[in-house]
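For reference, the structure discussed in these notes is given below.
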Amino acid sequence: MAVEVTFPPTVERPFGVYLWSLFDEATRHWAGNFEFKPDSELPFSSTKEVVAGIVTYYVVIFGGRAVLTQLGAPVIRLNWLFRIHNFILTALSFLLLVLLFEQLFPILYHHGLLYSICDSGSWTQPIVTIYYLNYLTKYYELFDTVFLVLRKKPLTFLHTYHHGATALLCYTQLIGTTSVSWVPIILNLFVHVIMYWYYFLSACGVRDIWWKEWVTRTQIIQFVIDLFFVYFASYTYFTYNYWPWMPNKGNCAGEEFAAIYGCALLTSYLFLFIAFYIKVYSSKKAKKTKTDAAATAAKVTTGVVTTSRPNTPTVVSKSKKA
1 MAVEVTFPPT VERPFGVYLW SLFDEATRHW AGNFEFKPDS ELPFSSTKEV VAGIVTYYVV
61 IFGGRAVLTQ LGAPVIRLNW LFRIHNFILT ALSFLLLVLL FEQLFPILYH HGLLYSICDS
121 GSWTQPIVTI YYLNYLTKYY ELFDTVFLVL RKKPLTFLHT YHHGATALLC YTQLIGTTSV
181 SWVPIILNLF VHVIMYWYYF LSACGVRDIW WKEWVTRTQI IQFVIDLFFV YFASYTYFTY
241 NYWPWMPNKG NCAGEEFAAI YGCALLTSYL FLFIAFYIKV YSSKKAKKTK TDAAATAAKV
301 TTGVVTTSRP NTPTVVSKSK KA
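Sequential numbering of the sequence shown, starting at 1, is according to UniProt numbering.
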């Protein structure tokens, strides 16, 4: 397979190589010939399959946790499998991220931002294929929770709600053909590259990762940007179709149910992630401040000063004998 390199990179080939063509070749032209059809033979293309898959997820994780607790089973870590799982999701997210960026960049450059989020012309065959592949990864990501159950980690509402609801979100946007979908998807792929790489490093035993807190911060920033775009797209759609006397930018491609569900779900995500961030990181900082204050008080009362070698305390005499 000959690889045609363009240098310098162009608008149509921002990476210098047309990655979509290589991906199509690698999939034996499955990618180039793919067509999403609801209620078809494609996996998770019908509402029944989606509901069954999500219900199964909740039955397995909560039922599995109850069974393991009842049996008194030991913690099952499966570190090697957890590393592979997170590396695969890092690689998949990165692959889909660059493929989607390559398709979007020419549309944004030639037609502008408004066209890209509101016109059906941005709902192209390669982009829909990437959307569908991204949608399928949401079911693979459900194994994140399986690892938590096996390791007897707590199952938070945010985690279980987010995993199940996101699979449904991707499905509704696919069947609702919302052109603005690329904004949440490309940002989510970027966040997942960071997040799953962090999990991979942690599983490999890497500690004190300085950018750990930025994983949650980036997720919050992602939802703020998501909501700006989906609120705008929904606003201009509803005002154009129902209240044309209000200022608007014309019609926006997509079904109403997809817009409403997307706005509601992403809004809930933003509040839940902010609450999680405050609970986890603010409490940690408060605890650290309290610990440091206690340590300082102990030094003052005992007369012990820590040197550059923390295990070698130096006693400071309070009075000097004559």
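Don't be surprised by glycine CBs; every beta carbon is placed ideally from N, CA and C.
None of the values given here were measured: they were computed from a predicted structure.
Given 8 Å, three or more beta-carbon pairs between the segment 248-257 and the segment 172-184: Yes, the segment 248-257 is in contact with the segment 172-184.
Those residues which DSSP pairs with V5 across a bridge: Reading the sequence shown from its first residue, position 5 is the one you call residue 5. Looking at the DSSP output, V5 bridges to V17.
Opening and closing residue of the alpha helix (DSSP H) in which Y115 lies: Residue numbering aside, residue 115 sits at position 115 when the sequence shown is read from its first letter. For Y115, the enclosing alpha helix (DSSP H) stretches over residues 113-118.
Whole-angstrom C-beta distance between E102 and W182, which should lie under 8 Å: As a first step, residue 182 is located in the sequence shown; it is residue number 182 there, counting from the start. As a first step, residue 102 is located in the sequence shown; it is residue number 102 there, counting from the start. The Cβ separation is near 12 Å, so there is no contact.
Inter-residue spacing [alpha-carbon to alpha-carbon] between E213 and S282: Taking the sequence shown and counting its residues from 1, one reaches residue 213 at position 213. Taking the sequence shown and counting its residues from 1, one reaches residue 282 at position 282. Between the alpha carbons of E213 and S282 lies a gap of roughly 11 Å.
Where the alpha helix (DSSP H) through M195 begins and ends: In the sequence shown, residue 195 corresponds to position 195, counting from 1. Where M195 is concerned, the enclosing alpha helix (DSSP H) stretches over 182-203.
Cβ-Cβ distance between T124 and T145 below 9 Å: Stepping through the sequence shown from its first residue, residue 124 is reached at position 124. Stepping through the sequence shown from its first residue, residue 145 is reached at position 145. No, Cβ-Cβ distance for T124 and T145 is not below 9 Å.
Straight-line Cα distance separating L133 from I127: Taking the sequence shown and counting its residues from 1, one reaches residue 127 at position 127. Taking the sequence shown and counting its residues from 1, one reaches residue 133 at position 133. When rounded, the distance between both Cα atoms is 10 Å.
Nearest to F157 (by Cα), restricted to the options F273, N33, K37: As a working note, residue 157 is residue 157 in the sequence shown. With distances taken between CA atoms, F157 lies nearest to F273 out of F273, N33, K37.
Reduced DSSP secondary structure (H/G/I, E/B, other) of H163: Looking up residue 163 in the sequence shown gives position 163. Under the three-state reduction of DSSP output, H163 falls in the helix class.
Start-end ranges of the alpha helix (DSSP H) lying completely within the segment 31-81, minimum 4 residues: DSSP assignment within the segment 31-81 yields the following whole alpha helix (DSSP H) runs of 4 residues or more, N-terminal first: 47-71.
Option nearest F15 by Cα separation, candidates F105, Y231, V193: Working through the sequence shown from its first residue, we reach residue 15 at position 15. Closest option to F15, judged by alpha-carbon separation, among F105, Y231, V193: F105.
Buried/exposed call for K153, threshold 16 Cβ in 10 Å: Position 153 of the sequence shown, counting from 1, holds the residue named residue 153. Answer is exposed; the Cβ neighbour count stays below 16.
Touch test, the segment 240-251 against the segment 133-143, Cβ-Cβ under 8 Å, three pairs minimum: Touching, no.
First through last residue of the alpha helix (DSSP H) which encompasses I278: Residue 278 sits at position 278 when you count from the first residue of the sequence shown. First-last for I278: undefined, no H or E at that position.
Collapsed DSSP secondary structure at V146 in the structure displayed: Residue mapping note: residue 146 aligns to position 146 of the sequence shown, counting from 1. In the three-state scheme derived from DSSP, where H, G and I count as helix and E and B as strand, V146 is classed as helix.
Cβ pair count under 8 Å reaching 3, the segment 82-101 against the segment 218-235: With the cut-off at 8 Å, the segment 82-101 and the segment 218-235 do not touch.
Per-residue burial, V206 [other beta carbons within 10 Å of its own, 16 or more giving buried]: For this step, residue 206 is matched to residue 206 along the sequence shown. Flag for V206 reads exposed.
Span of the alpha helix (DSSP H) around T178: Here the question's residue 178 lines up with position 178 in the sequence shown. Segment: none, T178 is in no alpha helix (DSSP H) and carries neither H nor E.
Secondary structure of R83, DSSP reduced to three states: Locating residue 83 in the sequence shown gives position 83, counting from the first residue. Here DSSP, grouped into helix, strand and coil, assigns R83 to helix.
Secondary structure of H29, DSSP reduced to three states: Against the sequence shown, residue 29 aligns to sequence position 29. In the displayed model, H29 falls within coil according to three-state DSSP, outside both helix and strand.
DSSP three-state assignment for G262, whether helix, strand or coil: Locating residue 262 in the sequence shown gives position 262, where the first residue counts as 1. In the structure shown, G262 sits in a helix (DSSP, three-state: H, G or I).
Assigned exposure category for A57 - 16 Cβ within 10 Å defines buried: For the purposes of this step, residue 57 is taken as the residue at position 57 of the sequence shown. In the sequence under discussion, the amino acid at residue 57 is Tyr, which differs from the Ala named in the question. Buried, by the Cβ-count rule.
S40 classed as buried or exposed, judged by whether at least 16 other C-beta atoms fall within 10 angstroms: For the purposes of this step, residue 40 is taken as the residue at position 40 of the sequence shown. Only exposed fits S40, as fewer than 16 other CB atoms lie within 10 angstroms of its CB.
Through-space distance from Y240 to W197, alpha-carbon basis: Taking the sequence shown and counting its residues from 1, the one referred to as residue 197 is at position 197. Taking the sequence shown and counting its residues from 1, the one referred to as residue 240 is at position 240. Going by the C-alpha atoms only, they are around 43 Å apart.
Span separating the alpha-carbon of F7 from that of K37: Along the sequence shown, one-based indexing puts residue 7 at 7. Along the sequence shown, one-based indexing puts residue 37 at 37. Between F7 and K37, the C-alpha separation is close to 38 Å.
Alpha-carbon spacing of Q70 relative to V51, whole angstroms: Position 70 of the sequence shown, counted from the first residue, corresponds to residue 70. Position 51 of the sequence shown, counted from the first residue, corresponds to residue 51. The straight-line gap separating the alpha-carbon atoms of Q70 and V51 is approximately 28 Å.
Within 9 Å, strictly: CB atoms of G32 and F44: Locating residue 32 in the sequence shown gives position 32, where the first residue counts as 1. Locating residue 44 in the sequence shown gives position 44, where the first residue counts as 1. Remark: C-beta atoms of G32 and F44 do not approach each other more closely than 9 Å.
Residue range of the alpha helix (DSSP H) that includes V11: Counting from 1 along the sequence shown, the entry for residue 11 is found at position 11. Careful: V11 lies outside any alpha helix (DSSP H) and carries neither H nor E.
Sub-9 Å separation of R83 and F190 beta-carbons: Here residue 83 corresponds to residue number 83 of the sequence shown, with the count starting at 1. Here residue 190 corresponds to residue number 190 of the sequence shown, with the count starting at 1. Taking a C-beta distance under 9 Å as the contact criterion, R83 and F190 do not qualify as a contact pair.
CB of L168 within 9 Å of CB of F62, strictly: In the sequence shown, counting from the first residue as 1, residue 168 sits at position 168. In the sequence shown, counting from the first residue as 1, residue 62 sits at position 62. No; because the gap between Cβ atoms is not below 9 Å, this pair is not in contact.
Residue 372 to Y261 span [Cα, whole Å]: Any answer about residue 372 is impossible in this case: the structure gives the chain only from 1 up to 322.
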